[in-house]
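Notes for the one structure printed next.
2 protein chains.
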Amino acid sequence: MAVNLSTPEFLHPVPGVRLGVAEAAIKKPGRKDLLVIALDPGAQVAGVFTRNAFCAAPVQVCRERLGAGIGIRALLVNSGNANAATGQGGIDDARATSAAVAKAIGCDENAVLPFSTGVIGQRLPVDRMRAAAPAAVAAATPDGWLDAMRAIMTTDTVPKGATRRVAISGGHAITVTGIAKGVGMICPDMATMLAFVATDARLTADATRSALVSAAGASFNCVTVDGDTSTNDACMLVATGHGGGAAIDASHPDYAVVLGAITEVCTELAHAVVRDGEGATKFITIEVGGATSEAEARQIAYSVAHSPLVKTAMFASDANWGRIAMAIGKSGVEGLDQGSVSIALDAVQLIERGQPHPSYREELGSAVVAKDEFTIRIGLGRGNAKARVWTCDFSYDYVKINAEYRT
Amino acid sequence: MAVNLSTPEFLHPVPGVRLGVAEAAIKKPGRKDLLVIALDPGAQVAGVFTRNAFCAAPVQVCRERLGAGIGIRALLVNSGNANAATGQGGIDDARATSAAVAKAIGCDENAVLPFSTGVIGQRLPVDRMRAAAPAAVAAATPDGWLDAMRAIMTTDTVPKGATRRVAISGGHAITVTGIAKGVGMICPDMATMLAFVATDARLTADATRSALVSAAGASFNCVTVDGDTSTNDACMLVATGHGGGAAIDASHPDYAVVLGAITEVCTELAHAVVRDGEGATKFITIEVGGATSEAEARQIAYSVAHSPLVKTAMFASDANWGRIAMAIGKSGVEGLDQGSVSIALDAVQLIERGQPHPSYREELGSAVVAKDEFTIRIGLGRGNAKARVWTCDFSYDYVKINAEYRT
């Protein structure tokens, strides 16, 4: 029941990137649950990861290997098991499975980054994954994006991909293609559980890193489904450099063009995560303005976006805006004066500087929240900073999905 | 479907306190929705209120009147309408309705404290409430506690009351009786929406205040249903002084006895709020130890207690303890090392200093969470501070209740 989200039918290949899937029967047999993303030598790779202190074993291994400065040659992804809260054994498992990929490719084992998504607290089926790894490597092809997109799904109901081609200087065109998975445990710090974005733009290492931080900040870090931060969240940007033209650092005129395309792909993927949020029936934008800082605006926006009472009212198409006021008030922002706060649903003004708006009638608000996409607009009336987050409602199906996840 | 919660059949009267109810058809006709708690002259009254910046009109009026130092003679409570987010008009309404009670009693209108609970954002039916106020005052009787307990209910499925009698020095015995309402919008800062506790102990003004702060801190401020902080939360303590004996200040030997009884009544009421939490099927205690501070222990406990993923797993009787690890990790506590964290369900050890416990088997955890009351025990392994909070699970019915609240 994803909100206005359809399955991508075409994703541009990215020169220098090949993707292959295989079946390792990680959670159950009969699906391709192992993905290898093979990179040509020389690719720049940057990652941002969950800030959850219980971060998963593969996240710990990724951080270590990215920090070591070896050129990354492959990403190994499995669905069905998160390899989180598995202690030292989980780290050994992440190393052992990625070593099998390194062997099949013929590279240093530290040049393979492991990623896992699925149930927490269970050990990986290492033997089955090692056995399946060569098949995934052998199957790797530039056209593998659509299969890859499906291989990383867990409770996702719609596979998620986005793609762009843009012109840069010198008559070159570059491609940006990304895939993501994630529908629950979605929260501000690295919203999606896993996102892989690749471009053939010739970004420098620093530019790859800064483009990822900027694009993730404007996209994945602005969405929330349930306020729970995954143990496994990771967003990776690969820049293969095969697109031609000069090297692009952050001061190069093409940087803004490439960053724009990366941000568009990340935003489309981030929106897809919310549209496919567990049990979601509505796609809700929350805009907060008039704040003294962007952090304050985000704090208010998330307080509204995380409120179970707001989310259940939105599910019911009930313009119960008092709950929005409640959620603003409980945000913990210091010195907030309710007499300065304004609230609107799309263009319908509800509260104007703390007072009920004289023109407001219940049917006006109801007409807005009956739609499957709308914006909650909040003005704090105490500054010029603003922020925007995207979220979904909270339905019976959220409970159903999460109560029955393992059964 | 409250968890092991039954309707109180008897509450001790408190000399100096009379309670009367009447029908004002605030939300719908046919129920007693207006309560007056009349106090003999000389009663000490203390209150603690929501920290929500969008606090309701009656909360604003209460704070103003309690601050003025006039002896309080009555509390006026209505259910069905929260008089919150109603602007200046709502404050006028709170004053007008409490003035009607003052007139019926024959006291200063500032000696009446107003309280409201129910839907946010709608004006009170002032005329109907003013018309009903004299009947509530006329009906007031020392035996009115059970009727009062029912009059303040909103989505509560079980009325909530608790009562104690304890001996103090000089052959005296004192009574503590309290009632509460609240099942949703329940959060750490003033957990219940409304709680009224009275004693005939001869507490001084300062001792009344300090006893309330202490008792509320150990009870209402340790429970959470959904993490949403109400606009209307209020917990009031009345000490009529009719119980005999000397005046009791905080240094008096009887203070500990009286405080103990007040804390017991508040804790029983706070537990009742969780047991009747919207859609609750389980009563869950979360204990965190080994923290560097109580604040840190509470932060972890609330991170677990508020996690929708933990709460839906508990609803499903699924010992999906990985979600507990996730919620600990996302708490935002600085420098938390997962290698020092231990997790148990009752006496079943799951994680011991970051490693899966060798004796753990799925059926052991499942047997614990299949019960309707159990404890999640978390050790941080970095200090000696601890905290305990009480919460409930998150079920289909939570969504149902909150999606259909106004329909």
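Residue numbers (the working numbering), protein chains in the order written: chain A, 59 to 465; chain B, 59 to 465. Using N, Cα and C, we set each Cβ at its ideal position, and we do this for glycine too.
Short CB-CB distance (under 8 Å) between residue i and chain A
i                      : result
residue 452 of chain B : yes
residue 388 of chain B : yes
residue 275 of chain B : no
residue 301 of chain B : no
residue 248 of chain B : Note that residue 248 of chain B has pLDDT 39, beneath the 50 cutoff, so the model's placement of it is unreliable and the number below is only indicative. No, because no Cβ of chain A sits closer than 8 Å to the Cβ of residue 248 of chain B.
residue 384 of chain B : yes
residue 219 of chain B : no
residue 439 of chain B : no
residue 434 of chain B : no
residue 374 of chain B : yes
residue 112 of chain B : yes
residue 95 of chain B  : no
residue 62 of chain B  : no
residue 409 of chain B : yes
residue 413 of chain B : yes
residue 448 of chain B : no
residue 142 of chain B : yes
residue 380 of chain B : yes
residue 212 of chain B : no
Pair within 8 Å by beta-carbon distance, residue i and residue j
i                      : j                      : result
residue 288 of chain B : residue 108 of chain B : yes
residue 200 of chain A : residue 162 of chain A : no
residue 263 of chain A : residue 396 of chain A : no
residue 159 of chain B : residue 189 of chain B : no
residue 273 of chain A : residue 321 of chain A : yes
residue 34 of chain A  : residue 125 of chain A : Given that chain A is displayed from residue 59 to residue 465, the structure contains no residue 34 of chain A and the question cannot be resolved.
residue 61 of chain B  : residue 253 of chain B : no
residue 467 of chain B : residue 404 of chain B : This structure leaves residue 467 of chain B out entirely; chain B is present only between 59 and 465.
residue 100 of chain B : residue 299 of chain B : yes
residue 519 of chain A : residue 237 of chain A : Past the edges of chain A, shown from 59 to 465, lies residue 519 of chain A, and the structure says nothing about it.
residue 202 of chain B : residue 77 of chain B  : yes
residue 372 of chain B : residue 296 of chain B : no
Environment of residue i [buried if 16+ CB atoms lie within 10 Å]
i                      : result
residue 421 of chain A : exposed
residue 258 of chain B : buried
residue 419 of chain B : exposed
residue 67 of chain A  : exposed
residue 309 of chain B : exposed
residue 208 of chain A : buried
residue 123 of chain B : buried
residue 80 of chain A  : buried
residue 240 of chain B : buried
residue 214 of chain B : buried
residue 64 of chain B  : exposed
residue 453 of chain A : buried
residue 378 of chain A : buried
residue 442 of chain A : exposed
residue 366 of chain A : buried
Inter-residue CB distance, residue i and residue j (contact presumed, cutoff 8 Å)
i                      : j                      : result
residue 323 of chain A : residue 210 of chain A : 16 Å between Cβ atoms; not a contact.
residue 380 of chain A : residue 406 of chain A : Actually they are not in contact, since the Cβ atoms of residue 380 of chain A and residue 406 of chain A sit about 15 Å apart, beyond 8 Å.
residue 255 of chain A : residue 94 of chain A  : Between residue 94 of chain A and residue 255 of chain A the Cβ distance is about 17 Å, and since that is not below 8 Å, they are no contact.
residue 400 of chain B : residue 385 of chain B : Not a contact, Cβ separation roughly 15 Å.
residue 283 of chain B : residue 332 of chain B : 6 Å
residue 430 of chain A : residue 369 of chain A : That belief does not hold up - the Cβ atoms of residue 430 of chain A and residue 369 of chain A are roughly 14 Å apart, past 8 Å.
residue 352 of chain B : residue 445 of chain B : 5 Å
Residue i at chain B interface by Cβ criterion, 8 Å
i                      : result
residue 288 of chain A : yes
residue 179 of chain A : yes
residue 394 of chain A : yes
residue 357 of chain A : no
residue 457 of chain A : yes
residue 146 of chain A : yes
residue 363 of chain A : no
residue 203 of chain A : no
residue 350 of chain A : no
residue 240 of chain A : no
(message) Closer than 8 Å is the cut-off here; do at least three beta carbon pairs connect the segment 437-447 of chain A with the segment 343-358 of chain A?
(response) Contact holds: three or more Cβ-Cβ distances are below 8 Å.
(message) Taking contact to mean 3 or more Cβ pairs, one atom from each stretch, closer than 8 Å, check whether the segment 325-342 of chain A and the segment 141-158 of chain A are in contact.
(response) no
(message) For the structure I just gave you, are there three or more beta carbon pairs, one from the segment 289-297 of chain A and one from the segment 100-107 of chain A, closer than 8 Å?
(response) yes
(request) Flag this pair as touching only if the segment 83-94 of chain A and the segment 112-123 of chain A have three or more C-beta atom pairs under 8 Å; answer yes or no. (result) no
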